[in-house]
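> Quick one: structure below, then a few questions.
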Amino acid sequence: MGLIEIKRKGFKCERCEHEWIPNDIKQEPTVCPKCKSPYWNKPRKNNKKK
Ligand SMILES: [Zn+2]
Numbered sequence: 609m610g611l612i613e614i615k616r617k618g619f620k621c622e623r624c625e626h627e628w629i630p631n632d633i634k635q636e637p638t639v640c641p642k643c644k645s646p647y648w649n650k651p652r653k654n655n656k657k658k
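In the working numbering, the protein residues as written are 609 to 658.
Dropping the structure here:
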């Protein structure tokens, strides 16, 4: 066995770029565990009008 890289699905905060792997991937966290932002999964790209 050599060194391998295991990739798991995780979440990344759009605000502080913190990455973490939850115990239950199906359960989206309500806030970022680091910056506590409830908008961790909402990128700030709402400036464009359409
Ligand atoms: Zn964050």
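Note that beta-carbon positions come from the ideal geometry of N, C-alpha and C, so glycine has one too.
Remember, predicted model here, so these are calculated numbers, not experimental data.
DSSP three-state label for Trp628, please.
As a working mapping, residue 628 is identified with position 20 in the sequence shown. When secondary structure is reduced to three states using DSSP, Trp628 falls in the strand class.
> Please confirm whether any heavy atom of ligand 1 lies closer than 8 Å to the CB of Arg616.
To locate residue 616, count along the sequence shown from 1; it is residue 8. Not under cutoff, so the answer is no.
> Kindly list the residues whose CB is nearer than 7 Å to the CB of Pro646, restricted to its own chain and excluding five residues on each side of it in sequence; keep chain order.
Counting from one through the sequence shown, the residue named residue 646 turns up at place 38. Closer than 7 Å at the Cβ level, and outside the excluded window around Pro646, lie Thr638 and Val639.
> Do you know how far the Cα of Ile612 is from the Cα of Trp648?
Translated into positions along the sequence shown, residue 648 becomes position 40. Translated into positions along the sequence shown, residue 612 becomes position 4. Roughly 30 Å separates the two Cα atoms.
> DSSP state of Lys617, grouped into three classes?
The residue you call residue 617 lines up with position 9 of the sequence shown. If DSSP states are grouped into helix, strand and coil, Lys617 belongs with coil.
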